[in-house]
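Going letter by letter, the sequence shown gives residues 522 to 685 in the working numbering. Working notes, beginning with the structure itself.
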Amino acid sequence: MTARPVLIVFAGLPGVGKSTLARRVGAALPAPVLPVDPIERAFRSTGPEAYRAVASLAELQLDLGLPVVVDAVNPAVESRELWLDLADRAKVPLRVVEVWCGDQAEHRRRVEARQAADPAYAEVDWVRVLERRAEYQPYVGRRVVVDTTAPGDPLRSLLDYLRA
């Protein structure tokens, strides 16, 4: 099946499994995966500049007729509106995947394991994740929610949603 242009946006706190799932979706479609994290590290700050940079790259892919996967925390309404505006401008469907880790102990274990294994995540400790959770605005609107601690592999049903 040839993938059609669609903007797929992953959202969720650090360490919930969204990057892993976004990469799996990108490989299955296939579609380029554009993570915000490395852009934020390059800019040495979190915030709208990194999101705008990724949106510009996503727009280039959509203009080529490709689907694109964005991997970002998307904690606030402003970042989420960026993707709505891009989908409208590019005249493509927007599919939002909000990823959660329903087990707090497992979430903490993942954050701490990633922090220990990857120097790029040295500053993303459990305390910072809890701060981000306090800042995370409730998501409103059409989306699919995936709990990465739920039994079974969500990939097949997620791909069905994304291709619909």
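Glycine included, each C-beta is placed from N, C-alpha and C at the ideal position. If you're wondering where the values come from, they're calculated on a predicted model, not measured in any experiment.
Check: Beta carbon of R616 nearer than 8 Å to that of I529; Outcome: yes
Check: Inter-residue spacing [alpha-carbon to alpha-carbon] between V575 and L603; Outcome: 10 Å
Check: R663 (DSSP reduced to helix, strand or coil); Outcome: coil
Check: E619: first and last residue of the uninterrupted alpha helix (DSSP H) it sits in; Outcome: Careful: E619 lies outside any alpha helix (DSSP H), inside the beta strand (DSSP E) at 615-621.
Check: Burial state of V650 (16 or more Cβ within 10 Å); Outcome: buried
Check: Local Cβ density within 10 Å of V648, reported as buried at 16 or more and exposed below that; Outcome: exposed
Check: Spatial neighbours of R635 in its chain, beta-carbon cut-off 7 Å, leaving aside the 5 residues before and after; Outcome: G536, Y642
Check: Alpha-carbon to alpha-carbon, E619 and S701; Outcome: With the chain represented from 522 up to 685, any question about residue 701 goes unanswered, as that position is not in the structure.
Check: For P556, the residue or residues it bridges with in DSSP; Outcome: D592
Check: Supposed close pair V598, Q658 - CB separation, criterion 8 Å; Outcome: 6 Å
Check: N-terminal and C-terminal residue of the alpha helix (DSSP H) that A637 is part of; Outcome: 625-638
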